[in-house]
Amino acid sequence: MRKNYGILNDDEKNCDYNESIRYREYKRNVRNAQINFEQILSDFKEGLNNYEHEMFRKKDDEMSEYFCYNKKKIEQLENLHKDGIQNLDIMKNYFSHNTTYSIEIARYLSIFDKFRIQLQTVKNTFDKISLHNNIHVMYKKMDPPPLHSDNNSNASKTANTFNTVNRSIDHVFKERSALEHSLSELDNMISVGQETSLKLKIQNSKIIQQLKKINIINTHLPQIQKILKNIKHHNIKRTAILSLVIALCIFVFFMFRIYLKREIYKNKKSDMENVPNAFWSSCCEQDAFIKKGKTVGEKESNRC
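The sequence shown begins at 1191 in this note's numbering and counts up by one.
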């Protein structure tokens, strides 16, 4: 699954594409190992079941061939399990940064862990059968006494000894299986502890990176504080200058308004003063004109 990082250049696309190709190759190898392991294991279990039912009926040559064949099967199972685990370790080291890949790798690891337990169980069963067969062959090679002779007590002792040995072998293998189960549980606990320690290391590295970033911020913090103080001081100065300019504008506006009112008042007052003077001057002009008319009339009457 490809990650979406927004804008990717050609190199990042090619790297992502090559990574997916390599992951698919490792996954194909792991898948083939899984399929072959399951097939061989099913055939091997079927052969063991058939052998347990026909163990005392087969000849020595058939038994030797059977054991050689099954030993090869066990070696094949061990090699397949080893190859699968090696591929998964490589995948875990190189592809665990991708969440989808990591989940799929964990699933295959759990599958091969179950394969390990099944392989150990099958090996225990095979070892048990081999030991039983060796004891059976050993007692067959012994010259058994006749059943209807005086040595019947020796024959019964031999049979009892054979049964006791078989029971002891069964007990030993049960103890062995219990110990192996305990060891597998310890291995699981160790693997869980290793994964936990790895996660803690990753978290520790992330915390260290965050602390480094915090230290970088702390080193630059005085400079940031100075810049903020300068910005604050600049804002205060700008606010003060702006308020002073506004106050001056308001003062000039009101002074201009008062000046206009005074000028209007002066003009009105001068108009009021000029009106009576004009009236008296017009009256005087009329009187002079009347007097002048009278004198002209008198002169004309005297001429007549």
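Heads up, the beta-carbon is just placed ideally off N, CA and C, and yes, glycines get one too.
Using three-state DSSP, classify residue i as helix, strand or coil.
i, result
"Asn1288", "coil"
"Leu1337", "Note on Leu1337: pLDDT 44, under 50, position unreliable in the model; no value is reported."
Give the C-beta separation of residue i and residue j to the nearest angstrom, bearing in mind that I take them to be a contact with Cβ-Cβ under 8 Å.
i, j, result
"His1271", "Leu1238", "Not really, about 18 Å apart at Cβ, beyond 8 Å."
"Lys1263", "Ile1230", "6 Å"
"Ile1280", "Tyr1213", "That belief does not hold up - the Cβ atoms of Ile1280 and Tyr1213 are roughly 10 Å apart, past 8 Å."
"Phe1234", "Asn1260", "7 Å"
Between the C-alpha atoms of residue i and residue j, what's the straight-line distance to the nearest angstrom?
i, j, result
"Asp1377", "Ile1293", "21 Å"
"Tyr1449", "Ile1440", "14 Å"
"Glu1365", "Lys1318", "12 Å"
"Phe1285", "Ile1225", "23 Å"
"Asn1208", "Asn1288", "14 Å"
"Lys1403", "Leu1411", "12 Å"
"Ile1436", "Ile1421", "22 Å"
"Lys1391", "Asn1219", "30 Å"
"Leu1432", "Lys1456", "36 Å"
"Ala1430", "His1424", "10 Å"
"Glu1236", "Ser1395", "51 Å"
"Thr1409", "Gln1415", "11 Å"
"Arg1452", "Met1445", "11 Å"
"Ile1398", "Asn1283", "22 Å"
"Ile1407", "Gln1400", "11 Å"
"Phe1443", "Asn1405", "56 Å"
"Leu1388", "Ala1368", "30 Å"
"Ile1426", "Lys1419", "10 Å"
"Ile1417", "Ile1454", "55 Å"
"Arg1428", "Leu1438", "15 Å"
"Arg1221", "Ser1232", "17 Å"
"Ser1372", "Met1379", "10 Å"
"Arg1447", "Gln1413", "51 Å"
CB-CB under 8 Å to residue i, same chain, minus the five flanking residues each way: which ones, in chain order?
i, result
"Ser1374", "Arg1306, Ile1307 and Gln1310"
"Leu1434", "none"
"Ser1339", "With a pLDDT of 46 at Ser1339, under the threshold of 50, the predicted position of this residue should be treated as unreliable, and no value is reported."
"Glu1255", "none"
Taking 6 Å as the cut-off, is the CB of residue i close to at least one heavy atom of the ligand ZN?
i, result
"Ile1397", "Ligands displayed in this structure: none; no statement on the ligand ZN is therefore possible."
CB-CB under 7 Å to residue i, same chain, minus the five flanking residues each way: which ones, in chain order?
i, result
"Ala1223", "Leu1270, Asp1273 and Gly1274"
"Gln1393", "none"
Subject >> At least 3 beta-carbon pairs within less than 8 Å: the stretch 1289-1306 vs the stretch 1268-1276 >> reply: yes
Original post:
Counting pairs of Cβ atoms below 8 Å between the stretch 1305-1315 and the stretch 1259-1272, do you hit three or more?
Top reply: In the pairwise beta carbon analysis, the stretch 1305-1315 is classified as touching the stretch 1259-1272: at least three pairs are separated by under 8 Å.
Original post:
Should the stretch 1310-1325 be called in touch with the stretch 1383-1391, which here means at least 3 C-beta pairs below 8 Å?
Top reply: no
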